[in-house]
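Residue numbering for the sequence shown is 1 to 347, as defined by my numbering. A quick write-up on the structure given underneath.
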Amino acid sequence: MMDQVVFDTLLLALEGGAVPVPASGPILVLNAEPGPWLMQLPKEQLVCRTSFKPSHDALKAAGFDVLAVDSVDVPAAGLTIVIPPRQRDQARALYARALLAAPEGGYVLACLPNTLGGKTGEKQLAEISGEADSLSKHKCRAFWARKQASLVNVEEAEDWIAQDSVREIEPGLYSRPGLFSWDRVDPGSELLADSVPEQTKGIGADLGGGYGFLSREILTHCPGVDRIDLYEAEYRAIGCIEATLAPFEGRFTAHWADVLKDLPEKAYDFVVMNPPFHTGRADNSALGRGFIRAASQTLKPGGTLWLVANRHLPYEAELSACFKEHEMLEDEAGYKIIRAARPKRPK
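Quick look at the structure:
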């Protein structure tokens with residue numbers, strides 16, 4: 001999630017009149033994040049789009065118009081606000097989609113902290129739009145372009161969109177820019193995959209399934225596993241999961257879901273996970289602790305959790321609160337592999 005000062009700076013471009021707010025018609029927000037800043041825009045005109053399930057659910061609950069997550073095209077809008085993701089190819093594709101969909105004279109506006117590439121973002125937008133303007137405040141840069149079709153580099157914009165597509169990063173493993181460790185197998189996940197015993201059996205869940213690496217390894221090496229259900233909050237990963245696990249048709253399901261809210265109770269024989277510990281760009285070990293609680297509640301009474309975490313993350317107290325037993329199996333290269341069993345039930 002972006003810091004509030006980013007949105008404060010973005011709003012300065014609108015409040016000062018550098019970027020006009022349309023009197024009518026849609027105002028499109030791409031990679032939308034909920035927050036007080038949205039309430040400073042005309043709510044009846046806002047159309048939000050996000051592929052992240054917690055943000056999608058929060059925006060819907062707050063009464064915003066949210067595009068279907070599987071919608072392909074974005075609507076033309078006199079103003080499109082882009083909340084740039086951290087990964088370059090994903091961000092460039094959003095700028096390109098916003099600019100190509102905008103009507104003649106429409107504005108594309110974005111903002112980034114200086115330390116996270118504010119100046120670079122402006123250069124990228126200018127590269128496809130022909131020219132861009134900006135303002136700086138709060139150590140952030142708001143930047144925008146007004147669409148002039150004669151200046152738009154359509155070929156480059158379309159190339160940027162193409163570079164954001166699902167691709168094979170190694171034989172049989174499919175990913176796309178912006179996913180966790182999107183262009184290489186995360187060493188922690190690889191260590192966890194090697195630690196799950198081949199005799200593991202039954203029905204399992206992969207929480208925060210990413211592009212399906214962990215589940216692929218378990219389905220490959222654990223013949224007693226009947227099925228794995230993957231739960232992933234980032235919709236952009238679902239197509240990658242389906243491509244990666246295509247050889248295992250009938251032994252997996254992929255769910256676009258918020259792990260902290262959407263899991264069934266007492267459903268699984270085992271759970272595997274490499275839990276996230278960031279909220280946007282900030283460390284948030286509470287998110288990982290929430291995954292541990294969710295795992296304990298979705299496991300059957302005799303179920304087992306296998307997880308990998310960075311060595312410094314303080315998960316042991318949560319494991320003790322949620323499971324009757326847990327042990328560290330490995331401590332290697334900055335990662336710890338933990339097995340926890342027999343979940344406690346909330347009193």
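All residues carry an ideal CB built from backbone N, CA and C; glycine is no exception.
Secondary structure in the stretch 246-299: the beta strand (DSSP E) runs of 3 residues or longer, each lying completely within the stretch, are 252-256, 268-273 in chain order.
Contact check between the stretch 186-195 and the stretch 160-178: fewer than three CB pairs, one atom from each, fall below 8 angstroms, which does not count as touching. Per DSSP, Glu330 lies in no alpha helix (DSSP H) segment; the continuous beta strand (DSSP E) that holds it begins and ends at 323-332. Contact between the stretch 153-160 and the stretch 224-239 is absent: fewer than 3 CB-CB pairs across the two stretches fall below 8 angstroms. With contacts defined by Cβ atoms closer than 7 angstroms, Val69 and Ser51 form a contacting pair. At a Cβ-Cβ threshold of 7 angstroms, Val82 and Leu100 do not count as neighbours. For Phe180, same chain residues with a beta-carbon under 6 angstroms away, outside a window of 5 residues either side, are Gly210 in chain order. When the alpha-carbon of Tyr268 is set against those of Pro34, Glu318, Thr220, Leu207, the nearest one is in Leu207.
Within the stretch 29-60, complete beta strand (DSSP E) segments of at least 3 residues are found at 46-49, given in chain order.
By the neighbour-count definition (other C-beta atoms within 10 Å, threshold 16), Lys139 is an exposed residue.
When DSSP states are grouped into helix, strand and coil, Ile241 belongs to the helix group.
In the DSSP assignment, Glu232 falls within the beta strand (DSSP E) that extends over 225-232. Cβ-Cβ distances below 7 angstroms link Gly334 to Asn310, Arg311 in the same chain, with the five nearest sequence neighbours on each side left out; the list follows chain order.
Around Arg92, the same chain offers Gln124, Trp160 as residues with beta carbons nearer than 7 angstroms, after the five sequence neighbours per side are excluded. In the three-state scheme derived from DSSP, where H, G and I count as helix and E and B as strand, Asp194 is classed as helix. Counting only residues of its own chain and dropping the five nearest sequence neighbours on each side, Thr9 has a CB closer than 7 angstroms to the CB of Cys111, Lys137, His138, Cys140, Ala142.
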